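Heads up: the sequence lines are chains A and B, in that order.
Just so you know, we're using the numbering used here here: the first sequence kicks off at 13 and counts up by one.
Just so you know, we're using the numbering used here here: the second sequence kicks off at 13 and counts up by one.
There are 2 protein chains.
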Amino acid sequence: MANPDPTRDDLPVLGLDADDTLWENEAWFHKVEGRFRDLMEPWADGATTDAALLATERANISRHGYGVKGFVLSMITTAVELSDGRVEGRRIGDIVIWGHELIDHPIQLLDGVTDALDHLGATHRLLVITKGDLNDQMGKVARSGLADRFWRVEVLAEKNEASYAAALDRHGVDPLAFVMVGNSVKSDVLPVIGIGGRAIHVPHTTTWALEEPDPVAAASAEFPVADRLADVAGLLAAWPTA
Amino acid sequence: MANPDPTRDDLPVLGLDADDTLWENEAWFHKVEGRFRDLMEPWADGATTDAALLATERANISRHGYGVKGFVLSMITTAVELSDGRVEGRRIGDIVIWGHELIDHPIQLLDGVTDALDHLGATHRLLVITKGDLNDQMGKVARSGLADRFWRVEVLAEKNEASYAAALDRHGVDPLAFVMVGNSVKSDVLPVIGIGGRAIHVPHTTTWALEEPDPVAAASAEFPVADRLADVAGLLAAWPTA
């Protein structure tokens with residue numbers, strides 16, 4: 013994944029989240045959650061199904077990590093529990109197939125992302141820092157058609173201060189000179205500020221419940237917000253030493 | 013994961029596989045495969061179940077990657093298919109729980125591994141290169157009690173020439189000065205030799221069918237074989253420029 017152009021070593025490193033920063037992600041999961049509510053209808057109403065699924069995901073997140081496969085396993089566990097074991101095997105086979113669709117779906121870039129990356133890549137080495145399933149995330153980078161624009165791609169099991177610090181150390185990046193861009197205040201903004209870096213929040217339409225930041229921490233942190241990735245280059249140019 | 017002792021930068025880097033090189037792994041999967049044969053008994057004999065599961069894993073490996081979660085999803089798909097959708101939901105719930113047991117099980121180090129790592133770590137920076145599920149593999153490293161002995165830990169989605177080359181580049185390691193140690197000829201030996209490095213094979217008792225190397229490639233490659241990790245230090249000492 014290393015960009016072979018040695019002259020670029022002088023450029024500062026800009027971190028970029030991927031899911032819901034570069035391409036649609038959460039929306040695909042929402043679609044499947046709708047199907048799952050329908051499937052559970054004989055045993056539970058939609059709100060009950062949603063709450064049970066979220067509780068299962070929360071209970072399993074440290075075991076499953078982030079990504080489609082853990083989501084599928086949580087749906088299956090929820091289906092078995094809500095139906096008291098009566099859900100049919102073939103219905104569970106359907107859930108697995110939804111997961112395959114989620115893994116295989118074409119990448120839908122957010123508006124203006126390709127042009128924005130071309131701008132940002134002229135002044136920065138672009139380091140994608142994403143979390144979730146390694147195989148799935150690397151596949152999405154490959155299918156996105158954007159891989160050539162990235163200096164490197166780093167997939168983390170979790171995005172917190174320790175994992176950012178270790179990743180930046182691995183890539184020889186000084187946190188004090190590092191800027192991260194992403195849609196999640198919890199994962200892309202607060203931990204980077206926590207290790208002395210800077211971050212730009214680019215909100216997306218939907219935020220998964222497990223991505224909601226601690227409201228106190230979010231309120232006390234100061235960071236710029238960009239409506240779209242295309243606005244980040246202007247923010248960086250106006251930001252001293254960025 | 014970086015070892016903070018700066019004097020160690022002079023030491024050569026030794027690559028180590030983890031599953032079935034440092035600790036038991038395949039044996040846990042075999043145990044679960046036995047339970048799965050029992051579960052499938054109403055619909056298929058053991059040989060049929062084994063063959064169907066392997067075919068499902070093979071068909072899904074590029075989509076699921078390596079690891080427990082993909083294994084569980086493949087068992088579920090196989091159960092639904094072999095039973096023509098009639099397997100009970102609660103039985104599939106059992107399969108998910110087996111997966112949780114696989115993820116949570118205590119790490120059982122192979123004989124002599126801790127002492128062997130202490131020896132090897134005195135002369136080399138130890139770089140674990142494993143493949144599979146990021147969350148699961150990092151959890152195993154943490155639970156192994158060995159993390160302090162490693163210079164760094166790298167989890168790859170796949171172990172092939174391209175992924176080794178990229179990983180060594182990321183860590184600033186010259187392939188020509190690199191030695192990899194592991195139990196899989198396909199994953200730990202042949203691709204490293206293919207990029208100009210060297211490798212030591214430390215066979216383990218069981219090899220998963222998808223880990224069997226191309227027999228022609230394996231026969232034409234030359235590499236030393238150690239019975240146990242404890243024998244690797246002696247091989248390295250006797251190996252010029254290693």
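The C-beta atom is built at its ideal place from N, Cα and C for all residues, glycine as well.
None of these values were measured; they are calculated from a predicted model.
What does residue i touch in chain A if you count any residue whose Cβ is under 8 Å from its own?
i, result
"residue 150 of chain B", "169"
"residue 240 of chain B", "Ordered by position in chain A, no residue passes the 8 Å Cβ test against residue 240 of chain B, which lies about 30 Å from the chain."
"residue 88 of chain B", "88, 104, 105, 108"
Going along chain B in order, which residues have a C-beta closer than 9 Å to the C-beta of residue i?
i, result
"residue 100 of chain A", "97, 98, 99, 100, 101"
"residue 212 of chain A", "Within chain B, no residue comes near residue 212 of chain A; the closest Cβ sits about 25 Å away, beyond 9 Å."
"residue 82 of chain A", "81, 147"
So which residues of chain B does residue i contact, with C-beta pairs closer than 8 Å?
i, result
"residue 92 of chain A", "101, 102, 104, 105, 108"
"residue 111 of chain A", "85"
"residue 77 of chain A", "145, 146, 147, 148"
Along the chain, where does the beta strand (DSSP E) containing residue i start, and where does it finish?
i, result
"residue 167 of chain A", "164-168"
"residue 183 of chain B", "Careful: residue 183 of chain B lies outside any beta strand (DSSP E) and carries neither H nor E."
"residue 144 of chain B", "Looking at the DSSP string, residue 144 of chain B is not in any beta strand (DSSP E), and its letter there is neither H nor E."
"residue 27 of chain A", "25-28"
"residue 201 of chain B", "It is not in any beta strand (DSSP E) - residue 201 of chain B carries neither H nor E in the DSSP assignment."
"residue 97 of chain B", "Note, residue 97 of chain B: premise wrong, no beta strand (DSSP E); not H, not E."
"residue 191 of chain B", "191-194"
Counting along the chain, where does the alpha helix (DSSP H) carrying residue i start and finish?
i, result
"residue 104 of chain A", "101-116"
"residue 61 of chain B", "58-76"
"residue 79 of chain A", "No alpha helix (DSSP H) holds residue 79 of chain A; DSSP gives it neither H nor E."
"residue 246 of chain A", "244-249"
"residue 227 of chain B", "227-232"
For residue i, which of helix, strand or coil comes out of DSSP?
i, result
"residue 137 of chain B", "strand"
"residue 122 of chain B", "coil"
"residue 131 of chain B", "helix"
"residue 210 of chain A", "strand"
"residue 22 of chain B", "helix"
"residue 40 of chain A", "helix"
"residue 32 of chain A", "coil"
"residue 45 of chain A", "helix"
Can you say whether residue i is buried or exposed, counting buried as having 16 or more other CB atoms within 10 angstroms of its CB?
i, result
"residue 222 of chain B", "exposed"
"residue 255 of chain A", "Absent from the structure is residue 255 of chain A, since the part of chain A shown begins at 13 and ends at 254."
"residue 217 of chain B", "exposed"
"residue 115 of chain B", "buried"
"residue 166 of chain A", "buried"
"residue 109 of chain B", "exposed"
"residue 95 of chain B", "buried"
"residue 140 of chain A", "buried"
"residue 251 of chain A", "exposed"
"residue 208 of chain A", "exposed"
"residue 118 of chain B", "exposed"
"residue 237 of chain A", "exposed"
"residue 210 of chain B", "buried"
"residue 157 of chain B", "exposed"
"residue 86 of chain A", "buried"
"residue 169 of chain B", "buried"
Using the beta-carbon of each residue, which ones in chain E are nearer than 8 Å to residue i?
i, result
"residue 116 of chain B", "Looking for chain E here will not work: the only protein chains present are A and B."
| task | Would you check if the region 55-66 of chain B and the region 223-238 of chain B touch, i.e. whether three or more CB-CB distances between them fall below 8 Å? | result | no
| said: Would you call the region 137-153 of chain B in contact with the region 135-149 of chain A, where contact means no fewer than 3 C-beta pairs closer than 8 Å? | reply: yes
| task | Report yes or no: do the region 41-54 of chain A and the region 96-115 of chain A share at least 3 C-beta pairs separated by less than 8 Å? | result | yes
| said: Can you confirm whether the region 151-165 of chain B touches the region 41-52 of chain B when touching is taken to mean that 3 or more C-beta pairs between the two stretches lie within less than 8 Å? | reply: no
| query | Okay, do the region 116-136 of chain A and the region 41-49 of chain A touch, 3+ Cβ pairs below 8 Å being the bar? | reply | no
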